[in-house]
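Data block below; observations after.
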């Protein structure tokens, strides 16, 4: 894949705006789920921080992916959820507070967990004469700047200028979804001759990662006895990762745009699969609720 001003300048700036926008929608009370529903929160974080990377490692080995694509797949799994998961949870009436808490806490933790997991992945999948490097300490600092700084600034702005942030937050939310679509289209256009090969080599793996984690998140939440709203929130949070962040890290911090390919293909799939999953889940719950009403004497 080719690297240009989009991945060096536009993408980092856009991600900063997106993360700032996430902060605009956050208040201290949003973290009340930590105490109100610690069970749901701990299950969601465990799935996101532990289950996701394990599934990605397993798929990378099972599909026998080339080293760079294997690393890219694991990178996607190491990224926190994005605003898309929050948006779908909101649209389909899941537990929005839980979704926001999971996204935010994972965003705060990922600068520390991602470099360590990726360092291990690079050592595992490196081949002689083609080693990959990701300095852990340097990456932690860069991740803090990319994620925590804009989120924190957004929260501060929301605290002191809440009347303005209420108007800005919906705009940044819309911008985030539109921009992700634009960046994916731009990558496809710039590498159109290679995209068939990209999908052939990583498409099935990224699709499997997306769908399997959606279903695993739902299954674990259901087996844990969580409410329907919490089940949806956890499934979506585990199944829809921040593809923009994965593309940025691969293209800039790792300086290897080929590693960004799984992030791009994953982003294409997750919009469709995420929406379809939420719609089907909501439809099934509505049918069950209607049946309960009919069964009442």
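In the working numbering, the protein residues as written are 3 to 299. Backbone N, C-alpha and C fix where the C-beta goes; we use that ideal spot for every residue, glycine too.
Own chain partners of residue 234 with C-beta closer than 6 Å, once the 5 adjacent residues on each side are dropped:
What you label residue 234 is simply residue 232 of the chain shown in a count that begins at 1. Excluding residues within five positions, the ones whose Cβ falls inside 6 Å are 96 and 283.
Segment contact flag, the region 246-261 with the region 53-64, C-beta cutoff 8 Å, min 3 pairs
no
Same chain, Cβ closer than 8 Å to residue 74, five either side skipped, listed in chain order:
As a working mapping, residue 74 is identified with position 72 in the chain shown. 204, 248, 252, 260, 261, 262, 263, 264 and 265.
Can at least three beta-carbon pairs, one atom from the region 103-123 and one from the region 273-282, be found at a separation below 8 Å?
no
By alpha-carbon positions, which one of 77, 94, 87 and 89 ends up nearest to residue 230?
Residue numbering aside, residue 230 sits at position 228 when the chain shown is read from its first letter. It is 94.
Cutting at 6 Å between CB atoms, please list the residues of its own chain near residue 127, excluding the five before and the five after it.
Numbered from 1 along the chain shown, position 125 holds the residue referred to as residue 127. Contacts found: 69, 72 and 73.
On the DSSP bridge list, what partners appear for residue 243?
If you number the chain shown from 1, residue 243 lands on position 241. According to DSSP, residue 243 bridges with 83.
Within 8 Å, strictly: CB atoms of residue 119 and residue 55
Numbered from 1 along the chain shown, position 117 holds the residue referred to as residue 119. Numbered from 1 along the chain shown, position 53 holds the residue referred to as residue 55. Yes. Within cutoff.
Quick check on the burial criterion: 16 or more other C-beta atoms within 10 angstroms. Buried or exposed for residue 147?
Your numbering for residue 147 matches position 145 in the chain shown. Exposed, since its Cβ has fewer than 16 Cβ neighbours within 10 Å.
Please name the residue in 238, 232, 222 and 89 whose C-alpha comes closest to that of residue 213.
Within the chain shown, the letter at position 211 stands for residue 213. Selected option, being the one with the closest Cα: 238.
Using DSSP with H/G/I as helix, E/B as strand and the rest coil, what is residue 128?
Sequence index remark: in the chain shown, residue 128 carries index 126 (1-based). Three-state DSSP puts residue 128 in coil, outside helix and strand.
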